[in-house]
Every structure is written in structure tokens, then in C-alpha cells.
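One structure is given below, encoded as C-alpha cells.
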Amino acid sequence: MSVEVQKETLGFQTEVKQLLHLMIHSLYSNKEIFLRELVSNAADATDKLRFEALARPELLEGDAEPRIRIDFDAQAGTITVEDNGIGMSRAEAVSHLGTIARSGTADFLHNLSGDQKKDAQLIGQFGVGFYSAFIVADRVEVFTRRAGLPASEGVHWASRGEGEFDVATVDLGQRGTRIVLHLKDAEKSFADGWRLRGIVKKYADHIGVPIELPVQSQGNDEGDDASTAAPAWETVNRASALWTRPRAEIKDEEYQAFYQHVAHDFENPLAWSHNKVEGKLEYTSLLYVPGRAAFDLYQRDVPHGLKLYVQRVFILDQADEFLPLYLRFVRGVVDSADLSLNVSREILQKDPVIGSMKTALTKRALDMLEKLAAGDAEQYRTFWKHFGQVLKEGPAEDFANREKIAGLLRFASTQGDSGEQVVSLADYIARMQPGQDKIYYLVGESHAQVRNSPHLEVFRKKGIEVLLLTDRVDPWLVGYLDTFDGKSLVDVTRGDLDLGALDSELDRQTREQAAQASEGLGARLKLALGEKVADVRVSHRLTESPAILAVGEQDIAPQLRQILEASGQTLPESKPVFEFNPEHPLVARLGAEPDESRFNELSHILFDQASLAAGDSLDDPAAYVRRLNKLLVELAG
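First residue of the sequence shown? That's 15 in the numbering used here, and the numbers climb one at a time after it.
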């Protein structure tokens, strides 16, 4: 190797310094994953070269067979991981190895808590594989040259993981990347051929690129032979793409290891689905449900999707055309025999084959979730905790699968006190009262708010279950999900509540009599409240509270209105319906009030209390406090 030129010392990005500190202080309890991460990166580099070489075959430089080589020197205490993949230019080395080029970095670092177990899981979600080298090494060197660049534009990158790195230009005849790990004294036992073989078999047997180690006998464990002969290499992994093998031949541990490779995750998936389609379309898919949400899951514009292969040739890393956005948490690969090798994102968006594949893969993913829900309630509960709010986007985005998605949704309800979302719509229907033909729900901002809402009083009295919806996406969800299994979903705050067969004839007669007897009070309240309300009526909902606000039958729900207005939309004005309970002592006292000025003041207090009970903010809080204080002074004499 020639003398280094253009050498300079640069500083790591602040976020990288923080991650390196965590790595170097042994955040990972399982240190051998450093090799898995470096091998996974090397495999990605060979995939990217094969893709770019489709249009520029000269990039192969006469060496078309991809490989990854792992060498070691027990005496020197080094491990070398080398690939003949795409390699890096000087600018790419500085960028890729000195910064974290991924959106949401600040959010990720904000979540680091100092708890080693929790932080290790977060780092696993973040996927910063290269930096795991510093778990076992106190110095790391990278020699790399991008395919297509001359030998004189090779790059030497080196760092001790202490905040800075050196980068220089060197001559490199071989394209690709060679990483040399100078092991810490306590980690030199990794420089052992049999141990390295075991790690490769454990974590990387599924990778479709040959992983080679020096040939060695049981009695010879030296990395460097004393002779000058070049070492012989042998492939130690299966070196066939896992998804191309028959399902019956693949162990669960292999599926799990492949998921960790393809998703850059450190945990096992909750479920997977491996399927081969033959006939009009020919493709193989391997889909996974992760065990936890990525930190940037709720950023809808973040790149996501499946790894796309065409006839086992890697094409795209995050092809988002094969699954709808509400399934963006699904990881995996799809390998098509029908697409062209020079396919691009623009072609994918227009190709009718993609539409057919998307329909089938969406159904496959939903079937996988149905199987998980039916087979392991506890695992599905874990899934829902991490991905439920994203799945709730489905009915608005995928009308064709609306009923199927609805069956996967989970909610809290008045049947439980914890607020945990474990009730399915099928569960709800199975517990319906005799004669009940509707699914009732209440939307609010918190479980405490909806659980104690006056709107539930008549439902508690009659023992009717109500779903309690408190996720931010719920107002959007119920705007598109109006039926399930032939049953209408009904907002308990909307319109003039009609319980149908759940009301007895006596209930109806009592309400009619109360309405007739309270006509005068209703007229006075409507005059007092004026422009604040669309109407005033006797409530069918209340048994304990004096008053509530109901939503007009055709009006937009308040929670959805907030979301739409926050997005900049201009909506027509909407006023609530004021419902009062004539049996309540406060309302009875109000009806007997002869002083219209005092009646007006008390009416506004009831209206503001009803607004607060509904979770709304008051237009004029100071006026409410003033009226309430005036009343308290009067009561105090």
C-alpha cells in the first residue's frame, strides 16, 4: 500500500459521540453481535454493487462473484471483515462513518435514559451497526474504495472511538471495504477461528453471499501461517437466500436471524409469513411483524417498505409500493420473477403487476396479524401496544380491507377499569344486550375523561357496554368505520339518542311526559343561552348529572374538528345541543327561579359545566369563574 496523502483529522457528529460512549461502555450484554452487524453491512454492500452493475457492468472490474471474508490474527489481536461490494468514496466514508444520516436522530437520542437495558433496545431499533465494532475494539480501521474509482482514490479511515477520526487517501487495488478491528485486551478471545465460525453459523447462515474464513484444522488455530503461501478460504455459511428455500427446511431460529439481518433489529419478530406464489404472477415474499416499534414509526414520510429483489438480484432497499402506509411497520423481502432487472421507483408506481402484488401482500400481512391474534393473545397485546395506532389508519386508507382491519382493532371499554385496549369488535358483539343492534362508542382525550363522562349514565344504568376511544387517531378512524359485521357504530354524544329495543315502553312514556312538562323550562334555557346552542331539549342520556352537550346529527365531532382545523382546513360553524335533566335538583331549582337575570347567570354556569365535562375548553373562563364566585358568595350569605 502506498503512502497516505490528504490526511486530516475530523470530529464525529455530536450524536455519534454519544452513541460511541454507550457502545464503548459495553451497553450490549451479547458482544458477539458486532460480527453480525459488520457482516450484515458487508452483505448490503455486495447487493448494492450488483444493482448498480446492472446499468454499469464495468463496476465489477472483472470480479463478479460477491464474497465476504473474515480473517483474524490471534497474536496481533485483530479481526478483519472484508467484502468486494460497492465500497465508499472519501466523501461517503466521512459521511457514513462520521454521522448518522437518518431523520429523527434528535428524537432517538432524547429517548436515551441511562438505563442500559432500555438504551440497548433503542440502539437496536436505530440500527447503527458499524459502531458496534467499538464494543470489542479500541481501534478500528477501514480501507475502502468505491467501485468505478481509480486505485489512487482509496480511503483509509481510522478511529479510537474517542470523538475524532482520521481519514486519508491511499492506493487500493481492490474495490470494496476492509474493516480491521484492533481488539481490546479483554476481547482478544474473539480472534479465534472456531469461535468466529460459530458466530457466523449462528447469525449469518441465511445470508445469500458466501462468507469465507481461512481453512484450518482442529489443531491449527493461527490466523497467519508462518509460510508465505496465500491462505486457502472456505465458505462457512449456507450462502443461499433464505426466502428461496422450502419452508419445511427452515427453522424458527433461521427465520428470526434473517429478520434481525433484514430489519437491522436486535430482537426477534412477533410473527412472520413465508409464501411463494406461482401462476399468473410469480414471486416469493417473507413478511415480518417486529417485536417493537421503531422510534420514527409515526413519521409517515420516513422511508419504509420491503427489500425488493428481482430473480434474487437486489433492486431496492425500501420499496414502499408493495404495502399500504398503515402497514409501514411490516419488514421483509419480496422477490419477483415478473419485473425487469432495470426496474425503478417510477416504473414501480405505474406497473400494473405491482398493484396486483400489493393487493395480495396486503391480504397476506393482515392474515398474518389475524393468525397472531387468534393464536397468541399475549403476543397480539404486545403488537397492539406498539402498532395499534398505526393500524387504526387503515380503514381510511384501504376501503377494500376495511372490515378485515376492523376485526384486528382493539379498544378500551366500560367493561374494564384499566383503560387497556383489549376489546375487539367481535368481543363487543358477543356481549351485546338482547335486542341491541348497534355498537356504541365515546371519543375523548383521556381514559379518565371518557370513563367518567355524563354521556355514559344511561348506558351504565342499563348495563350496555360502550367502547372508550382516546387515541389521537380515533376521531379519524370512526369517520371512516361506520359499520362492522352488519352493526352500525354509534357515537353516544351524537344526535337525539335512540336505544331502540333496549328502551322499554315505560322508558319512552316517561321521557315523553318529562319533555311535555319541561317545555317552558326548555324555552327559557334556549332564550338565555342564545347563540351558544343549536337547540335545547330534555336529555335521554342523563340519570345523575344536570346537563350535557350533544353533537348535532350532521355535525363534525369536536375531536375531528380539532384535527382538521389544526391541519389548516376551514370548516363551517357548529353549535352543540344543550340537553338538561329535569329530575336533577339543580335543574328543578333553576326552573323555579323567577328572576330572569339570575336564571340567565345560572343557565350559563350549567352550560360551562357541561362543556368542561365534555373535555372542551371554555370560550370565556373568566366569565365562568365570576358567575361561580357570585353564586358561592350568595350561598355563603
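We put the CB at the ideal spot given by N, CA and C, even for glycine. Here the structure is a predicted model, which is why all the values come from computation and not from measurement.
Would residue i be called buried (16 or more neighbouring beta carbons within 10 Å of its own) or exposed?
i: W398; result: buried
i: S460; result: exposed
i: P283; result: buried
i: E248; result: exposed
i: E558; result: exposed
i: A229; result: Ala is not the amino acid found at residue 229; the sequence shown has Val there. Flag for V229 reads exposed.
i: A200; result: exposed
i: A285; result: buried
i: G377; result: In the sequence as presented, Gly is not what sits at residue 377; that position holds Lys. Classification of K377: exposed, given that the 10 Å Cβ count is below 16.
i: A444; result: exposed
i: I562; result: buried
i: E407; result: buried
i: R465; result: buried
i: L136; result: With a pLDDT of 48 at L136, under the threshold of 50, the modelled position of that residue is not reliable, and no figure is offered here.
i: T258; result: exposed
i: E593; result: buried
i: Q450; result: buried
i: D512; result: exposed
i: G207; result: buried
Tell me which same chain residues have a C-beta within less than 6 Å of the C-beta of residue i, skipping the five on either side of it?
i: P635; result: none
i: R159; result: G101, G168, L186 and R189
i: D219; result: N251 and R252
i: G99; result: A59, T60, L63 and G190
i: F48; result: S146, A147, I149 and V150
i: G509; result: E567
i: L341; result: A379
i: G162; result: L73
i: A277; result: R345
i: K418; result: L380
i: I368; result: E335 and L362
i: A528; result: V552 and P596
i: H275; result: S54
i: R416; result: P409
Ordered along the chain, which non-local residues of its own chain (more than five positions away) have a Cβ less than 8 Å from that of residue i?
i: E18; result: H170, A182, T183 and V184
i: V53; result: I82, I84, V95, V214, Y217, A218, I221 and I225
i: V291; result: Y297, T298, S299 and A374
i: Q573; result: V457, G458, E459, D488 and P489
Residue i bridges to which residues according to DSSP?
i: F86; result: I93
i: D180; result: T23 and A172
i: H288; result: L300
i: H318; result: Answer is none; H318 lacks a bridge partner.
i: K501; result: F498
i: A333; result: L320
i: G346; result: L301
i: I213; result: According to DSSP, I213 bridges with nothing at all.
i: V250; result: Bridge partners of V250: none, in fact.
i: R612; result: DSSP, once it has assigned bridges, lists no residue as partnering R612.
i: R306; result: According to DSSP, which records beta bridges pairwise, R306 is partnered with nothing at all.
i: A564; result: V591
i: V194; result: T94 and E155
i: V327; result: V324
i: I225; result: I82
i: R508; result: V565
Just curious, the alpha helix (DSSP H) that residue i is in, first and last residue?
i: G76; result: Per DSSP, G76 belongs to no alpha helix (DSSP H) and is neither H nor E.
i: I11; result: Residue 11 is absent from the model: the chain starts at 15 and stops at 651.
i: V647; result: P635 to L649
i: L383; result: P366 to G389
i: G112; result: R104 to G112
i: Q679; result: The chain is shown only over 15 to 651; residue 679 falls outside these bounds and no answer can be derived.
i: A271; result: D266 to A277
i: R603; result: P599 to G605
Spatial neighbours of residue i within its chain, please: CB distance less than 7 Å, with the 5 preceding and 5 following residues excluded, ordered by chain position.
i: G25; result: G177 and E178
i: V480; result: S427, T428, Y454, Y455, L456, L470, F473 and V506
i: T23; result: E178 and D180
i: A548; result: G566, K589, P590 and V591
Over what stretch of residues does the beta strand (DSSP E) that includes residue i continue unbroken?
i: F594; result: V591 to F594
i: G408; result: Where G408 is concerned, there is no enclosing beta strand (DSSP E), although the alpha helix (DSSP H) it sits in stretches over G408 to E411.
i: T60; result: Looking at the DSSP string, T60 is not in any beta strand (DSSP E); the run it does join, the alpha helix (DSSP H), is I47 to A69.
i: L483; result: L481 to L483
So, does the CB of residue i fall closer than 9 Å to a CB anywhere in chain B?
i: D315; result: No chain B appears in this structure, which consists of one protein chain only.
Length at least 3, wholly inside the stretch 423-478: the beta strand (DSSP E) runs in chain order:
Listed in chain order, the beta strand (DSSP E) elements of length 3 or more contained wholly in the stretch 423-478 are 452-457.
Runs of alpha helix (DSSP H) wholly within the stretch 513-560 (minimum 4 residues, chain order)
Runs of the alpha helix (DSSP H) inside the stretch 513-560: 519-531 and 533-543.
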